[in-house]
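Going by this note's numbering, the letters in the sequence shown line up with residues 169 to 440, in that order.
Ideal placement from N, C-alpha and C gives every residue a C-beta, glycine not left out.
Only one structure is covered here, and it is reproduced in the block below.
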Amino acid sequence: MEKLIVAGNVATRYSDQGQGSRTVVLLHGYLESIEIWEDFSPLLARDFRVLAMDIPGHGISEVLGESHSMEFLADVAHDWLLALGIEDCVMVGHSMGGYVAAAFLEKYSEMLRGIVWLHSTPGADTEEKRRDRMREIEVVRSGRKELLARTSPAKAFAPENRKKMAERIEDMGFQVMLTEDDGIIALLNGMAERSDRSALLRDSRVPQLYVFGRKDEYLRPDIAAVIAAEQPQARVEWLENSGHMGFLEESSRCAETIADFANFCYESKKNY
169 MEKLIVAGNV
179 ATRYSDQGQG
189 SRTVVLLHGY
199 LESIEIWEDF
209 SPLLARDFRV
219 LAMDIPGHGI
229 SEVLGESHSM
239 EFLADVAHDW
249 LLALGIEDCV
259 MVGHSMGGYV
269 AAAFLEKYSE
279 MLRGIVWLHS
289 TPGADTEEKR
299 RDRMREIEVV
309 RSGRKELLAR
319 TSPAKAFAPE
329 NRKKMAERIE
339 DMGFQVMLTE
349 DDGIIALLNG
359 MAERSDRSAL
369 LRDSRVPQLY
379 VFGRKDEYLR
389 PDIAAVIAAE
399 QPQARVEWLE
409 NSGHMGFLEE
419 SSRCAETIAD
429 FANFCYESKK
439 NY
């Protein structure tokens, strides 16, 4: 069920499926919306209450200003969860959603039973990546957003999966075209400005899980392996046949991995 709510003074759309005392929160990635979870959420909703929000700037959630910092987005997520009466959750952040989840961990760790980085990293952008984001902003400002719609969705999938996921890739491209230009720019600025939270994660007692794709062209496996080595406190799972969209490319395996982790988090004594 989709609903609208004002969270942190931001009009926010969200979905709510399943029921029970164990809650999984899904935060989508860049150029996505809650629609990206429509096939995946039901796999988790068998055992959990599953909440997903349009991150402000994407979907039909509101845009406020030229930069949506990860801290601001964490505040919106916090206010949204409080408004729904959620006391604690396992938070799953896909790509950009993981950046928001890291900021949430820094500010509101008491609400987290566990946290999942799904094809995501706790680090800040490299200088090269910041330049890429600034170039994307110029593409959007010059009225050439269709370039993003044509290239970004397909690259998110492993090459051998692109044919069978063609309909999904087309839908993702359509979503890019529907996304407000100001929202894309605000989130690009926010991602470029985000801080490195690697040390925060290493020091945190909140249970953590990384899910990486062996064929990811956005978060390459060699880089993911370095992240895993630098984060020994976290569990790591590899999806052997996935690119950047493991929850679509290997949906059953991904859902099972997250469900097992979420159950572990809720069954473990919370001592933080």
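Contacting residues, own chain, Cβ-Cβ under 8 angstroms from residue i (five flanking each side not counted)
i	result
residue 230	178, 179, 180, 224
residue 417	325, 326, 329, 333, 381, 407, 409, 410, 411
residue 353	234, 305, 308, 309
Residue range of the alpha helix (DSSP H) that includes residue i
i	result
residue 388	That residue, residue 388, is in no alpha helix (DSSP H); it is neither H nor E in DSSP.
residue 337	334-346
residue 360	349-361
residue 421	419-435
residue 284	Per DSSP, residue 284 belongs to no alpha helix (DSSP H); it is in the beta strand (DSSP E), 280-286.
residue 209	209-213
residue 265	264-276
Residue burial classification, residue i (beta-carbon count within 10 angstroms, cutoff 16)
i	result
residue 344	buried
residue 296	exposed
residue 304	buried
residue 172	exposed
residue 284	buried
residue 321	buried
residue 397	exposed
residue 342	exposed
residue 266	buried
Limits of the unbroken beta strand (DSSP E) element including residue i
i	result
residue 248	Counting along the chain, residue 248 falls outside any beta strand (DSSP E), though it belongs to the alpha helix (DSSP H) covering 238-251.
residue 191	191-195
residue 407	403-407
residue 455	Since the first residue shown for the chain is 169 and the last is 440, residue 455 is missing from the structure and cannot be characterised.
residue 326	Premise fails: residue 326 is in no beta strand (DSSP E) and is neither H nor E.
residue 219	217-221
residue 378	376-381
Within-8 angstroms CB hit, residue i to chain C
i	result
residue 375	In summary, chain C is missing from the structure at hand, where a single protein chain is found.
Cβ-based neighbour list, residue i, same chain, cut-off 6 angstroms, excluding 5 preceding and 5 following
i	result
residue 316	344
residue 395	289
residue 422	414, 415
residue 405	379, 425
residue 240	none
Option in the options with minimal Cα separation from residue i
i	options	result
residue 375	351, 436, 384, 267	436
residue 218	183, 340, 204	183
residue 263	400, 388, 432, 349	388
residue 433	232, 281, 400, 189	281
residue 403	211, 373, 384, 386	373
Sequence-distant residues of its chain with Cβ nearer than 7 angstroms to residue i (five each side left out)
i	result
residue 251	173, 175
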